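Report on the following structure.
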Amino acid sequence: MELNNSFDPIDIALSGMQAQNKNIGLISSNVANANSTDKGDGTPYRRLEAIFKAEGDGIGGVTLDDISTDMSELPRVLKPGHPAADDQGYVAMPNVDLPVEMINLTMAARAYQANVAVMKRYQRMVDTTLELLR
Amino acid sequence: MSKVSSIVDFLEAGIRAESLRQNAIANNVANLQTPGYRRVDVKFEELLAKSLDSDGSVDLDEAVPQLYQPKQTPVKSDGNDVSLEAEVGEMIKNSLRHKLFIRLLQRKYMSMQAAIDVK
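Residue numbers (this note's numbering), protein chains in the order written: chain X, 1 to 134; chain S, 1001 to 1119.
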C-alpha cells in the first residue's frame, strides 16, 4: 500500500476500517450459516475466522487477506428425521457458537469505531494547524 | 503557456488538481454499486515532479491534471473496485490539501496587497 507521507494516519486508519469491514462479513456469514448442514459439497458449514496481518515493517496498516476455516470438531445433534442424519439419527451441525460470534461482532464494531475516531481526531488536528494560516 | 516558477501559479495548479480530484471522488461514490466500474483518480503531482526543471520552473502545459483508472484496488465479485472507506479517506485528504493551498494562496495575495499598499 502506497502511503502518502503527509497523511499516513488517514491511510492507516482506513486500512483498519476495511479490515474490520471484511471481518464483520465473515462473522455475518457464520451467523447466517449457523444451521447450514450443507455448504454446497454435502458437508456442514465450518465457521470462518479472520487472520489480520500487519503491512510493511514498522509503521503500516493492516490487511485481512487470510481467512482460516475453523477445523475443530463439529457438534452432533440428534435429529432422527433429518435427510443428513446418520444411521444413529445424529446430524453433524456447523461449529458456530452464536454467543461467540456476537462477542466477536461487538469487538469488530468497536475496532471499526476506534479507527474512525483516529481518522476524525487526525483530521481535526490538521484542521487546527491550517487555522494558523487564516 | 510560458514557463512559470511563481508560487501563485503552482498553488493555482494544485487547487485545480484538487477540484478535479473532488469530482473523481464524487463519481466513485456515486458508482459504489455499479457492476464493472473501476475507481478513477487524478494524476498530477507525479507529472509536476517530472516536468520540474533544475531551476525550479515548470511548463504548466506539460503538467495538466488528468483523470485515470489506477486499477490497483482489488475487484469485488461484481467487477466493482470502489470501497467506501477508501473514498472517505481520499475525501478527507483532498479537502485538507485544498484548504491548505487556498490559505497559502490567500496569504500570498495578502502579502502582495501589503506591498502595494505601502505609502
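Every residue gets a Cβ at the ideal spot worked out from N, C-alpha and C, and that includes glycine. From a predicted model like this one, the values you see are computed outputs, not experimental measurements.
For E1087 (chain S), the uninterrupted alpha helix (DSSP H) run begins and ends at 1084-1117, by DSSP. Cβ neighbours of Y112 (chain X) within its own chain (closer than 8 angstroms, five residues either side excluded): G16, M17, Q20, N21, I24. Three or more beta-carbon pairs separated by less than 8 angstroms link the stretch 92-108 of chain X to the stretch 41-57 of chain X, which places the two stretches in contact. Ranked by how close their Cα comes to the Cα of V31 (chain X), the residues X:F52, X:V118, X:V96, X:K120 have X:V96 in first place. Along the stretch 1086-1118 of chain S, the positions whose C-beta sits under 8 angstroms from a C-beta of chain X are A1086, V1088, G1089, I1092, K1093, L1096, K1099, L1100, R1103, L1104, Q1106, R1107, read in chain order.
Taking every protein chain shown into account, the CB of D65 (chain X) has fewer than 16 other CB atoms within 10 angstroms, so this residue is exposed. Not flagged as an interface residue toward chain X: S1077 (chain S), since no C-beta distance is shorter than 8 angstroms.
The beta strand (DSSP E) runs of length 3 or more contained entirely in the stretch 64-112 of chain X are, from start to end of the chain, 76-78, 90-92. Residue pairing by DSSP places D57 (chain X) in no beta bridge whatsoever.
F7 (chain X) belongs to the set of residues whose beta carbon lies under 8 angstroms from a beta carbon in chain S. Counting the other CB atoms within 10 Å of its CB gives G1089 (chain S) a total of 16 or more, which places it among the buried residues. Residue pairing of D1041 (chain S) in beta bridges, as defined by DSSP: S:Y1068. DSSP places V1058 (chain S) in the strand class (E or B) of the three-state scheme. A distance below 6 angstroms between beta-carbons, with the five flanking residues on each side excluded, links L1048 (chain S) to the following residues of its chain, in chain order: A1063. Taking C-beta separations shorter than 6 angstroms and ignoring five residues to either side along the sequence, the partners of A13 (chain X) in its chain run N115, V118, M119, following chain order. A check of alpha carbon separations from A1024 (chain S) across S:V1075, S:P1070, S:R1107 identifies S:P1070 as the nearest.
For S29 (chain X), the enclosing alpha helix (DSSP H) has its first and last residue at 8-32. At a Cβ-Cβ threshold of 8 angstroms, V1042 (chain S) and P1065 (chain S) count as neighbours. Collapsing the DSSP output to three states places A1063 (chain S) in coil.
Spatial neighbours of G1036 (chain S) in its own chain (CB-CB distance under 8 angstroms, excluding positions within 5 residues in sequence) are listed in chain order as D1078, G1079, N1080.
Per the coordinates, the alpha-carbon of A1114 (chain S) lies some 26 angstroms from the alpha-carbon of R1097 (chain S). Against chain X, the CB of S1083 (chain S) has a partner CB under 8 angstroms away; the residue lies at that interface. For N1023 (chain S), the enclosing alpha helix (DSSP H) covers residues 1007-1030.
The beta carbons of R1039 (chain S) and V1082 (chain S) sit closer together than 8 angstroms.
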